[in-house]
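Each residue of the sequence shown is one higher than the last, beginning at 1 in this note's numbering. Heads up: the structure comes next, in structure tokens.
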Amino acid sequence: QTNDKSSSSSSFIIRGATIEKLIEHLTHHQLLHPRFVKSFLMTYKSYCTPLELLNLLIERYNIPEPASAYLYTEQQLKKFRKEYIQPIKLRVLNVIRQWVDKYFNDLIESNDHVLEQ
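Right, dumping it as structure tokens:
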């Protein structure tokens, strides 16, 4: 992924990325780019199906705790959940909400039977 960030604005350009990296950026725990969400939802069918997108969003929502969680105190884990996991989950839900609100026909017209999932 290549980002060109302008120092005077919050705009950026993605020149190329895997679908997984696009989902990661779309639901990043700190970065918020509403225009990217809109652009992504308008164009995602160029590189994946609605079912693939749904499965990737579900996978992102179910983000695991660190494998080495036993090395952290309960307070550190709570902070990790609050500052990392919770924002990602909220962003995933926001993407799904916008997808359903603005592109519901993608879900109905899909041959993958997304709504049955």
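All residues carry an ideal CB built from backbone N, CA and C; glycine is no exception. In this text, all values refer to a predicted model and were calculated from it rather than measured experimentally.
Taking the alpha carbon of residue i as the point to measure from, which residue in the options has its own alpha carbon closest?
i, options, result
"Leu-56", "Phe-104, Arg-15 and Glu-24", "Glu-24"
"Lys-82", "Gln-30, Glu-109, Tyr-103 and Asn-105", "Gln-30"
"Phe-36", "Leu-107, Glu-65 and Ile-13", "Ile-13"
"Cys-48", "Ala-17, His-33, Arg-97 and Tyr-72", "Ala-17"
"Gln-98", "Pro-34, Arg-15, Glu-20 and Lys-21", "Pro-34"
"Glu-20", "Ile-58, Leu-93, Phe-80 and Asn-94", "Ile-58"
Is residue i helix, strand or coil when you go by DSSP?
i, result
"Ile-88", "helix"
"Ile-119", "The structure shown does not extend to residue 119, since the chain is modelled only from 1 to 117, so the question has no answer here."
"Glu-20", "helix"
"His-25", "helix"
"Leu-51", "helix"
"Pro-66", "coil"
"Tyr-72", "coil"
"Leu-32", "coil"
Could you give the C-beta distance for residue i and residue j, rounded to a whole number, given that I count them as a contact under 8 Å?
i, j, result
"Ile-88", "Arg-60", "7 Å"
"Lys-45", "Asp-101", "Actually they are not in contact, since the Cβ atoms of Lys-45 and Asp-101 sit about 17 Å apart, beyond 8 Å."
"Leu-26", "Phe-40", "6 Å"
Does the beta-carbon of residue i have 16 or more other beta-carbons within 10 angstroms, so that it is buried, or is it exposed?
i, result
"Phe-104", "exposed"
"Ile-108", "exposed"
"Leu-54", "buried"
"Leu-71", "exposed"
"Arg-91", "buried"
Does the separation of the CB atoms of residue i and residue j fall below 8 Å?
i, j, result
"Ala-69", "Leu-77", "yes"
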